[in-house]
Every structure is written in structure tokens, then in C-alpha cells.
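Below is one structure; the comments refer to it alone.
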Amino acid sequence: MTNVFDAFSGASTSLYGELPNPAEDAGFDGERPKRVGFFTDTSVCIGCKACEVACKEWNLVPDDGSDASDLYRLTGMSYDNTGDLGASTWRHVAFIEDVRPHSGASAATGDRASTATGVEVTTGHLPSALPAVSGGPVPGAPRDAATAPPDGGTVDLLALLPDDGASGATGNGAQGAHGQQTPDDERDVRWLMSSDVCKHCTHAGCLDNCPTGALFRTEFGTVVVQDDICNGCGYCVPSCPYGVIDVRESDGGAHKCTLCYDRLGSGLEPACAKACPTNSIQFGDLDELQATADARLAELHGRGVEEARLYGRDPDDGVGGDGAFFLLLDEPEVYGLPPDPIVTTRDLPEMWRNAALTALGLGVAAVASFWRARK
Amino acid sequence: MHSDCIVIEGSNMAEAHPVGFQWVMEAKRRGATVIHVDPRFTRTTAVADEHVPFRGGADIAFLGGLISYVLENELDFRDYVTAFTNAADIVDDDFTDSGDVDGLFSGYDPDTGHYDPASWALDGAYRAPAAGKRDAWESQMPDGPRPGADPMGHHEPRRDETLTHPRCVFQVLRRHYARYTPEAVARVCGMSVEQFLQVARSVTENSGRDRTTAWVYSVGWTHHTVGVQYIRAAAILQTLLGNMGRPGGGILALRGHASIQGSTDIPTLFDLLPGYLPMPSAHHETLADYIDADAAKTGFWGDMDAYTVSLLKAWWGDAATPENDFAFDWMPRITGDHGSYVTVKNQIDRKSFGYFLVGENPAVGHANGKMQRLGLANLEWLVVRDMQMIESASFWQNGPEIETGELRTEEIGTEVFFLPCANHTEKSGSFTQTQRLVQWRHEAVHPPGDSRSELHFYFHLGKRIREKLAGSTDERDRPLLELTWDYPTSGIHEEPDVVSVLAEINGADADGRPLSTYTELRADGSTTAGCWIYTGIFADGVNQADRRKPGSEQDLVAHEWGWAWPANRRVLYNRASADAEGRPWSERKKLVWWDEEQGRWVGHDVPDFEATKPPDYKPDPGATGPDALAGTDAFNMQSDGKAWLYAPSGLADGPLPTHYEPVESPVANLLHDQQDNPAREEMNRAWNRLNPSQSEVFPYVFLTYRLTEHHTAGGMSRTLGYLSELQPEFFCEVSPALARERGLEHMGWATLISARTAIEARVMVTERMKPLRIGDRTVHQIGLPYHWGSNGLSVGDPANDLLGVVMDPNVHIQESKVATCDIQPGRRPRGPALLEYVADYRRRAGVEPGGIQ
Amino acid sequence: MGVRTWLGEWPMFRQATGPDPLGRGAAVQSPRTKALEPRTDAADEVVKSVCPFCAVGCGQDIYVRDGRITQIEGDPDSPISRGRLCPKGSASTSLVTSPSRVTTVRYRRPYGTEWEDLDLDTAVDMIADRVIDARRRGWEDTDSQGRVLRRTLGLSSLGGATLDNEENYLIKKLFMALGAIQVENQARI
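Chains as they are written, first to last, in my numbering: chain A, 1 to 375; chain B, 376 to 1228; chain C, 1229 to 1417.
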């Protein structure tokens, strides 16, 4: 059993590293249910957005039009018009239009190998999560200089546009592997779709930084905001390495996916997973989902879909693995996902020790000065 | 799900039918190849194995190419073709093929724009069609029987079972499509030869004894001036490949509305009575005339008299007697096309005064919105029944013509009644989904305020009219006064009992007991049936459509969920899933087979065949009805029991599908001299000007379609925040190349112009739209989702305003999938300036002046 | 509430004394959170239905409480849809509870510039009169060749394809008895 002193001393894994049972760590013992989560297999996503609607219907989340002063407006990011996960978008489908030089064979996604051999070129529309994403070195096939953050820094998304920049409309065709112009009809298109959601991290920065106890770890191992406690301080917002949680203007509270906590208690699956037409969103016990995902990955690799990979599956990653993880068909950055998320509380124990020393020092100084003043 | 290959063509299944698409994904996971043949790269394409981009309107060239590939390489499923098709029939030597001369079949009259199908007949036999222009075959017997022929239609035509006779259907077909070579197809469609051959290989390798390929289409095929022939072309191909009536095969029509199948079965369509009985025409004086003209004497249509008399008995009860021809004379008669576009023309001409719009929004959802609104503005009265204030109800307040000054609110005389309706949760009743499955819904809550079901409205309207006419001695009023119209009611609003209506549809015997199947129907007046194909839905007095045994407790066919017409069969013509001797073609593809011991057809589905008719049954000469069909005649609604590769009758535009360009096309017909369908139906009025073919003023093709996030004309989606935010604005999709050519900016505005009007849309520049090379020119296609109008949360110009109306001659459906336009950057002119802007385009294109006059 | 109970509800007390020392789980659950249950559990009945959008025919479960619909979601028993719904089907609760829905009769008199109120019964009566009148004025006994037509072109109907089979049946039956042949449907569009 972790105690508060262990946690802050850094002796346990409560704040960083592998942690098999986050619910137990949060005080749920005895007849505790197994940890549950989502496995989102983007290789079968058809971008229908049923997940977004089912989520809002169930959780009574306001639509973006009524929450924002702006009326209903296109974003220009392919078929994505809700932009990003946020206080009023708990499921978000990203659409990525990806272009490569024609390879003489289809570059369709899914269960078919992409045989594109040339250097990949991205034009047209952007990964729909627009904020600049930090990226590490990109493994795999080399990318066009415009898309790959060469030094692991920020992607210049404007550089992804056709060559005359921001209009995105009047480029003179994509740059080919060696800078030649590639005519429109000699480029292959991929259209990647992916339903993003709160990752319900094993080490959840939002939760660990919540000063009010509004955010809590449930008996299912998920992370939930309690609306009746949240005071809208917003400390959780920068604490999320994925940029998921946000404060809603209209009610001042922080909101995000609850993994339908109320439904779980009655043995129902979350609304998004239930609605998903192609079973791209799968809900279940996390260990079973992980096994399913591993099998699916092997199946796709067996069919030659080399680019398939799991994201958030690894319990050794910077957040101790995700309760909601993904099968992607490209680098995470392409989907607007951080390639190497790290819980913001990783260094907290050390910070606390430093803070304690500082406080001690200050205290000594204060006492000393007081004592001097008494003199 | 049982398919080895699924070709989706003329359909965007993942977007328009996402939940149905789970089965495609399931098949794919099991190893099936999914091919999307479509002008656009859509969400369906994104998860398909192959995308074959091509030019909208070129489907017959593509399918004809596949037919030719099959025939030239002898890849047809020969045992299937000889057993179940009319490939061996000899065509009359009067017939000349469109391939032989300028793209016209014999029998065309350029003055009327119509075909006389007389010369299309088979040698020595006259075949009544099972659908379509059913009485057209009469003209094949102009002056009584020809030598050797039986006017009653069951004479056997001359056949050549070796399929080598130069005039046998098989050889006629081969010659007709000989010019549809891979190279020609590639040129017409704008695809590569290799892309074409890849599809050809996938399809043929996945057809035969042990494998099946399914074809999926939607309104991407029906919305053309040659729409019926598109589907015919697919039928020919799928029949040659042996994919009909078999698991994982077939041609699946994905329909777009909850009960659009039901509204064809129990039709609110001018040319049909329930159960696909044709509406009587003016030349049908008596019931016998009607039956003789429209029914084959062989096959299941041979019992059309029983279906018709049972319908007349259901409607007029005791007043329908053998003496008065079962009140057949009370049926109104049609004389040509009375479809909705012709009706609107009559409204504009003030020949039709009143209009009911019931859950339909033509001001946004139908082609040529101006024409629709002009019709509404010329009515005396209009009843709109809907849940939301749709554009068709508020046209007099905020229609586009008010903005341009063409119409003024104070000068529109239309009296409008907006009556709120109950929604699907507020009434019980049945929907028929796209695979003919009827499912019952239960009322969950009462409708609010003045909202009522249509059942309530029409029942009480009918009651009110009958009360007002009570005592009338006018012969015209008798059908109303004698109508069986006494459904029990309940509740304070006197809601009619919907189950009693279902029971009437099902039918009953002379003692009022519910019938179990349509074979129990009689022509002597002893039975009733409101819709013969639905007989059995209330078998044993039980609502079979309300059966809900969980799918997890049933096999995949799930016979105990709902009820499918006819007779709860799930795969039509499934006799063809067994060979001529009644054995399954293969273990992997077995569905229905002959069990010698039991002496009956058995299997996983309800056999679509007389249960105890053995495979070796041979009809007696002179037999009629189903008895006239042999044990191998699997296609038993056909008069000869065969799948028709060649259709000697029933079609207005030729016995074989031929590639014609859309009426508004940017290119010349590269396959035939005849540019477009010579038998198409046109309506040339000031408010319906067409762009000239191959016009430099209107150089681009536009395609209209739906998005997942919206529903048709938007009344059920643009009014909802959760859907509006997902696709908040009207946009057009263009390629980067077209954007360069016209200076369009991503997310900027564009104005689209046709001879009808100009509309504006936000621009989406996307690599998913590809320019195509057709012959020596580049063709740009523009995508236009059509959901928007002026009302609701998400508003925009209606894409359908850009369309003109020109129709298929068989079914009178408009060509709304392909037309031409110009596109320019920036917003459209406002007010009267818009009219001048469009007039200038018309002048430059050499189009007659247009407008509302 | 005794002091002990009160103290026991105090999160800080629970945090300090319970197994959740960091206050990230059980210790901070509010009473409201503990009492959470899905609103579908409180439904008086679950009514079986079918989605009203496209023609796939997905099964729907309608949850009703106090005569109001509280939730609509997919019916897992349906062999067609297996409990799944697309975005439109998933928006069914919004569809049937839409605040912009019109639930009273609206009437626009000829040349009028505004909507007016009208009693439903009066509206039906007025419509019946207009049907009878338009039917008579548009009546055709025979065509130019003297063939029997027995029909009227005075009125017409255009239905959406979300009408029930039983409703279509009554519409067609009534219009045939009226002799009104111009009955059409989205099915031809």
C-alpha cells in the first residue's frame, strides 16, 4: 500500500513508471472491477463521427455552436469541424489527407500494404489537431523535409501546405522525391481517420495536479471529473500531456471524457463504443483489449501493412501506458498526437523534495528573523 | 459478408449507410476484396482495397467493358448461364443493334423521341416483362399472332443451346459489347487500362462455383437519364458470372430512407398499385383488358388476376362483385408520366391546385429548386406535414426568389397549412428496410400538441370528406362512399388502429381469417389482400414484423427477426444457388438445394421456388402460371423463368444497355455517334433550361451527394446542433488543379453557375478530387453535398438549385448525379443582380432566355 | 447526521485515514458521484423501435420516463445493426426532443405576410373542403379519344420515405378513391 510519504519520496510508482493497478493505488481494494479502457483501431474507422454524437447525447455535452460565440463554421481541416478534444468535445475524429507520389499500385489504407516506395509528400489538409506538436526523431520511411521535424522540434504546419503557403489552394502540385513536380493525377491519396479520446493515463497529470479532488481515479481505473467539486481553477489543463482536458466557458468547469462512468456502474459500455458502426472503438477490460490489439497488429503486419503500430499500449511509456490506446497507420504526429507524452508529474517527487528543502530553509530564515526581531 | 469480392459503384456506402457497412468491413476482415468505383475519393474509398476513380456518368462503358471482358475471355459461368438465362434464345432478324449503326436500336422514331420495341422481340415468342413498361410488349403483336407464335406468351422461342447461332442472345450480347475494349473503357472513363483490368480480374476470379461477388449501388446509378440501363448492365454482368440468387452475390440497392423500400412496395407512386401491380392505363377498359395486357400467362405474374381482385376486394369490400368487374372501373387511369416533375409543371401552369407535402422538402431536396418553388407559389393551397419549419413551407417568406425579386410575398396566393406530425417514436407502424425486411416500431410516447401521425391525418381527412359527400348521387363519389374506411380508433385523439391496417394489407379469406401466403389468393373474390407480396406478414393473426428474437440466438439469416417479403425469403431467386439438378454449386456456397428423400427444396433460406417442384419437372404444353415453369426456371417472376441477358420488352430505351453521355457532358460520346439517351424525357421551359453538351461556358462536371452527418434535405439534421456542428456549412470540393485554374482559395467562397441559377459555397481544395483525362482533354469534377437550405441551424444555398430536370424514360427519375457548371472565386451576386449574372451566362452559352415566366 | 458520520464524509479525513493517501480515488468521491447511475436505469419502460434515417433499418431502444424520452440508443438484439448507430441515428434523442420542433398548426392565408394560429380541427375541415373542390375542378372523365380516365389532376401528394407502410397504404387508398393519380414519393427521387 502506497502512503503519502512513499508517494512523495518517489519510492513508489504512484506518479511515474509502470503501475499495474492504478485503481488499487487510488484506494479501491477488495471487490474492485478490472481496469477497463478503449482500444481504438483506426484501420477500420470510417470517420462517421457517431462516437462524437453518441457521446454528446449521453453526456449532454453542449454542441460547439451553442458554446462558442461563433456560429457553425467550417474549419477547413478536411471533414473535421470540431477541431480538437476539449471541454465540449470528448470524442474527436481527426481526418488526415495524405498524398504520396503515384506508385503504380493503390495506396489504400487498411488491410492492404501500401507499396509506395517514393518519398512521402504531404499536401492539402492538415492533421486536424492544429496546434504545433512536439516530435521526436521519426522512425521509418524518410519524409519530406517539410513534414518531418528534423531536430525533434516543432512541425511547421504551414510548410505542409502546397508551395504557395497559407491559401492551401493554389499550389503547383506536390513536390516529388527529388523536387520534381508531380501532376495531380499521379499522386495517391490516403485519408486517415481516427477517433481520439481522453487516454485515461495510468499516471494522469490532470488528476495529480487537481487541487480540489474534483478529478479522481475510479474503481475501473479511469479518470473522471466530478462536476460538483470542480471549481474551474484550470490547473489540470496544462497538466495533460495530450491537451485533452479543458475548461468550458459557459459553466466554468473542467470537462473531459468520463469513459461513461455512470454507465460502467450498471454494466453498460460507453456510448461511443456502443454506437461505433465498424467496431473501430472497442471497450473492455484493458488486458483483454491489449491482447486483441496485439493480435490485430500481428494480423495487419502479416498482410504487409508495415505502417501499423500501437500507440499508448506500452506500460513503460511516459504516462505508464494509456487506458485508451490506439492502432495507428502512421506516426502519431500525423494524427496530431504527441509521439512521446510524459506525465507532467514525473519530476514531482523531486520537486517536492526541493520544495520541502526550500520551505525548510525559508522557515529557518523566518524563525531566525523573527527571533532576531524579538531581540 | 459471404462475399469474396464486393464492388461498390454508384454508392458511398460507408458515408450513407455506415451501420450497414459493418458487414463489408466484416467481409474484408475475412479476406474479401473491396473495390470502390467512384468519381470521388470518399470515406468508403478510404477503407477499400482498390479505388477506381472515373468520370461520373460512364458506368455503362465500365460495366459494358467488364461484360465484354467476360465474354471475350470466356470467363462466364457457363453451366449457370445455360441453366438459368435466356442466352440461348434467338433474337428476331428484324432487330438491329445500336452497335451496328449510329448508336440507335431499331424502332426509333426521331420525331417522337420514342422507340417502338416491336423489332426487339425474340424469334417466335413474345415475352411479357415482369416490370417496367409492362404493356409495351403488346406492340410486338401488332396484328394478331405471328406465324408459329402463341399470343399468350408461353410459346417457346427458338433456342440454340450451343450459344453459337449468330442471332442467339449470347452472340448478340458479345457483338454489342465488342467495342467496349479495355482501351476504349479507359478512354471513356478516364481510368488506366491497368486499373480496369485489375477490377476485371478481381471480379472474375471471385465468381464461379466456389466464389461470389456482390455489386452495391445507390442513387449514384439511378440519378441518370440512363439509370435503369445502368442497373440492367450490372444484372447482365452478374448473371453471366453466376452471382444472382447466391450467398454473397447479387446486386444490392442501398436505399436512402427508412421506408423507401416500403413506399415502393406499398407505393405512393403514380404508376404502381400495391405489390408492383401496374396502375391501370386509359386503354384498359375492363379488368380483363388490364390483366391481359400487363400479365404474363406464365410464371408467378400469371396469377396477377388473383392479386388484383384481392386488392379490389380489400378496398371496396362487398361493393366489389364479379358483376361489376370487382369495381375495377372505379380505379382512375393514367396516360403517361404523372410523376412529381410533371405534377410541378402542372402546378406552375395552374392545372393542379392543391398539394400535400408529407415529410418531404422539394424546395431543397429535388432537382431544380426554382421549378419546385415556382410550383408551390402557383398553388391555391398547400398542406405541409413535418416536424420542423422546412424551406418548402416557408418559401413565400424567405425563398431565393424572394431575394432576387422574382417573387413577392404579397403576390403569392398560396394558402399554406403547416400541420405538425408525429415522429417515429410517437406512433406504431412498420418500416421496410433496404433488403425488403419489414420491422415494426412501437409507440413510445404520445405526439405533442397538434402533432399527429399520418395515419391519423389521412384517416380523419378521408372520414371528413366522406361525411361531406354523404348522400351524393354523383357516380364520381361512389368509390369514396363505398370505400372500406372504418378502422377502429382509440384514445382521445381517435388514433386509428394501425394493426387493423396491417391486417388489411396482409389479407384474409372469406371468413376473415388472416392468410399465410400469397399463393392462397384467389381471383374469384373470396380473398382480400391490400398488398399481395406482404401476405403472410400477419399470418395466424400475429404481427410477424414485430418478431424480435435476438440475433445472437439465431443463425446469420435470422429468419425470426422481422419479416421479409415475399414469404420471409431473404435471398431472392435462391433456387439459382443450386445447379440444374438441384445440387449446391459448392459446399462453400450452399444456400438452398433439392432434397431427394424429402422430395422438397430445403436449406438455410426459405426456398424461392415451389417447395415440391423437382429440378427435372417439365411443364405440360399449355400450362399457365407457375405450372408453366420448369424445375430449372429459377427466375420465377419472369414469364419464361429465365434471367434476361437480353430484354425483348419492358424497356423504353433499348433491350441492351448502351453507353450514352449525360445530357450535360463535357465530352463527346467516344463509343457511339448518338451522344445521349435518345429516348430521354425532357421538359424545356424557361425555368428549366439545360446547359448545352460540351459547352465551353459550362466546362466543369458537378456531382451532388450526401454526407454522413446530414440527412437529405436537412429537415432532420440541419435542425440539430450535434449534427450541424459536424458539417456546419455548404461547401464544394475541388482539386488543387481546378483551384489553380480558377483561382479558388481553400475555405474561400466560390460561385457555381448553370443555366438555371448561381449558388455559392465555401471551397474545400482537396487531393481527393482528381482531374481526369478523357480523350485529349482534362475533365474537372466538382463535388457538391446537397443538404443545405435557408432554415435550420446550419444554412447555405441548395446545391439542387443548380440542376435542371431531364429524366430517364423508364422510371422518370432525374439526372441529378452529373451535370455541368462554371465555377468562379468569390460570392454570388445578390438580389436582381443574380438574375442578370445568370442571364449573361445563358447568352454566352447560346441558351434560350430563362426565368420564372 | 452525527459528528462521526459527518467527519467520515469529509474527504480530508478519508484521505488521511483510508487507503487513498494522495486523495486521488475513493477518498475524494463526492456523494453525488457515489450515487451516480445511468439515466436509462430510471426508465419506466424500454420501447422497441427502428431508426428513422436511412434504409439500413437499425434497431433502436427508446428509454421513457414519466412520458418523456430520456435516451435512444442502438438495440443490441438487432441482427442488422447489433446495437450500433451512425451519427444521425445517434442523434435520435435530439431529433425527437428538438426545441425548434413545431407542434402547433401554422396557417398562412393567401397573400399573407405572417404565420397565424389555427385550430387543428378547423384546419382539417378546411383542407377537406379544398380537396373536394380541387378534385371536382380537376376532374377528367375521358381523354380526347374518348377513353375512360375517371381521374382528377386537381390535387397531388408528395410523401417522404419515412412514412410507415400502413400510412402509405391509407394515402394510396384514399387518393385512388378520390381519383387523384398524382401521388408521388421520395422513392422516385
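In this text, a Cβ means the ideal position worked out from N, Cα and C, and glycines have one as well.
Relative to chain B, which residues along the stretch 1387 to 1401 of chain C have a C-beta separation below 8 Å, given in chain order? Answer set for the stretch 1387 to 1401 of chain C: GLY1387, GLY1388, ALA1389, THR1390, LEU1391, ASP1392, ASN1393, GLU1394, GLU1395, ASN1396, TYR1397, LEU1398, ILE1399, LYS1400, LYS1401.
Closer than 7 Å, Cβ to any Cβ of chain B: which residues of the stretch 1258 to 1276 of chain C, in chain order? For the stretch 1258 to 1276 of chain C, which is checked against every Cβ of chain B, the residues closer than 7 Å are VAL1275, LYS1276.
For ASP379 (chain B), which residues from the same chain have a beta carbon less than 7 Å from its beta carbon, with the 5 sequence-adjacent residues on both sides left out? A distance below 7 Å between beta-carbons, with the five flanking residues on each side excluded, links ASP379 (chain B) to the following residues of its chain, in chain order: ALA407, ASN581, ARG586, THR587, THR588, GLY623.
Quick check on this structure: which residue in B:ALA797, B:GLY882, B:GLU531, B:LEU615 has the alpha carbon closest to the alpha carbon of GLY916 (chain B)? Nearest option by C-alpha distance: B:GLY882.
Please compile the residues from chain C whose C-beta is within a distance smaller than 8 Å of the C-beta of LYS49 (chain A). Going along chain C in sequence order, the residues near LYS49 (chain A) (Cβ under 8 Å) are PRO1315.
Assuming THR800 (chain B) contacts VAL1324 (chain C) (C-beta within less than 8 Å), just tell me the rounded distance between them. Your pair THR800 (chain B) and VAL1324 (chain C) checks out as a contact, with CB atoms roughly 5 Å apart and the cut at 8 Å.
With burial defined as no fewer than 16 other Cβ atoms inside 10 Å of the residue's Cβ, what is the status of GLY846 (chain B): buried or exposed? Flag for GLY846 (chain B) reads exposed.
Residues of chain B with CB under 7 Å from GLU1412 (chain C), in chain order? Ordered by position in chain B, the residues that pass the 7 Å Cβ test against GLU1412 (chain C) are THR643, LEU644, PHE645, GLY714, SER715, THR718.
Leaving aside the five residues before and after GLU219 (chain A) along the sequence, list all residues of the same chain whose C-beta is less than 8 Å from its C-beta, in chain order. Within the same chain, GLU219 (chain A) has close Cβ partners ALA23, PHE28, ARG32, PRO33.
Between the alpha carbons of ASP886 (chain B) and GLU879 (chain B), how many angstroms are there, rounded? A straight-line Cα-Cα distance of about 13 Å links ASP886 (chain B) and GLU879 (chain B).
Going by C-alpha to C-alpha distance, which of B:PHE1106, B:GLY734, B:VAL717, B:GLN763 sits closest to GLN747 (chain B)? Looking only at B:PHE1106, B:GLY734, B:VAL717, B:GLN763, the smallest Cα-Cα distance to GLN747 (chain B) is reached by B:VAL717.
Using 8 Å for Cβ pairs, my map puts LEU1209 (chain B) next to ARG1203 (chain B). What's the rounded Cβ distance? The pair is a contact, with the Cβ atoms about 6 Å apart (cut-off 8 Å).
Those residues which DSSP pairs with LYS1276 (chain C) across a bridge: DSSP output for LYS1276 (chain C) lists C:ASP1289 as bridge partner(s).
Bridge-paired residues (DSSP) for ASN1413 (chain C): DSSP, once it has assigned bridges, lists C:GLY1387 as partnering ASN1413 (chain C).
Of all the residues that make up the stretch 275 to 288 of chain A, which are near chain B by a beta-carbon distance shorter than 8 Å? Listed in sequence order: PRO277, THR278, ASN279.
Leaving out five residues on either side along the sequence, give the residues of the same chain with a beta carbon under 8 Å from the beta carbon of ARG958 (chain B). Taken in chain order, the residues that qualify are TRP968, TRP969.
Members of the stretch 27 to 56 of chain A near chain B, C-beta cut-off 9 Å: So the list reads SER43, VAL44, CYS45, ILE46, GLY47, CYS48, LYS49, ALA50, GLU52, VAL53, LYS56, given in the order they occur along the chain.
Taking all protein chains shown into account, do 16 or more other C-beta atoms lie within 10 angstroms of the C-beta of GLN973 (chain B), making it buried, or fewer, making it exposed? GLN973 (chain B) is exposed by the Cβ-count criterion.
Are ARG1363 (chain C) and LEU1406 (chain C) touching if we call contact CB-CB under 8 Å? Closer than 8 Å, so yes.
Residues of chain C with CB closer than 8 Å to the CB of PRO990 (chain B), please, in chain order. Simply none; closest approach about 31 Å.
Quick check: is the beta carbon of PRO517 (chain B) nearer than 8 Å to any beta carbon in chain C? Caution is warranted here: a pLDDT of 42 is assigned to PRO517 (chain B), below 50, making its placement in the model unreliable, and no coordinate value can be reported.
Spell out whether any CB of chain A is found under 8 Å from the CB atom of VAL1330 (chain C). It does not; no Cβ of chain A falls within 8 Å.
Put THR556 (chain B) into one of helix, strand or coil per three-state DSSP. Note: THR556 (chain B) maps to coil in three-state DSSP.
Can you check whether the CB of GLU299 (chain A) is closer than 8 Å to the CB of LEU329 (chain A)? In this structure, GLU299 (chain A) does not lie closer than 8 Å to LEU329 (chain A) by Cβ.
Determine, for LEU450 (chain B), whether the minimum Cβ-Cβ distance to residues of chain C falls below 8 Å. No, no contact with chain C.
Under 8 Å between C-beta atoms of TYR592 (chain B) and SER386 (chain B): Here TYR592 (chain B) is near SER386 (chain B), since their CB atoms are less than 8 Å apart.
Buried or exposed for GLU531 (chain B), please, with buried defined as at least 16 other CB atoms from any protein chain shown within 10 angstroms of its CB. Taking all protein chains in view, the Cβ of GLU531 (chain B) is surrounded by fewer than 16 other Cβ atoms within 10 Å, so the residue is classified as exposed.
Looking only at DSSP bridge pairs, what is TRP1124 (chain B) linked to? Paired residue(s): B:ARG1137.
Let me check one thing: in DSSP terms, what residues is GLU1036 (chain B) bridge-paired to? Beta-bridge annotation (DSSP): GLU1036 (chain B) is paired with B:ASP1051.
Local Cβ density within 10 Å of GLN919 (chain B), reported as buried at 16 or more and exposed below that: Looking at its Cβ environment, which holds 16 or more other Cβ atoms inside 10 Å, GLN919 (chain B) is buried.
Cβ distance (whole Å) where GLY911 (chain B) is taken to contact SER891 (chain B) below 8 Å: Sure, about 6 Å apart at Cβ, within 8 Å.
Which of the three DSSP states, helix, strand or coil, is assigned to GLY1167 (chain B)? The answer is coil: DSSP assigns GLY1167 (chain B) none of H, G, I, E or B.
Using the three-state DSSP reduction, which class does PHE39 (chain A) fall into: helix, strand or coil? The answer is strand: DSSP assigns PHE39 (chain A) an E or B state.
Identify the continuous beta strand (DSSP E) that holds SER239 (chain A) and give its terminal residues. Per DSSP, SER239 (chain A) lies in no beta strand (DSSP E); the unbroken alpha helix (DSSP H) holding it starts and ends at 236 to 239.
Out of curiosity, what's the CA-to-CA distance linking HIS632 (chain B) and THR292 (chain A)? Distance between the alpha carbons of HIS632 (chain B) and THR292 (chain A) is about 36 Å.
Hey, would you say LEU966 (chain B) sits closer than 8 Å to ASN949 (chain B), going by beta carbons? The Cβ-Cβ distance between LEU966 (chain B) and ASN949 (chain B) falls below 8 Å.
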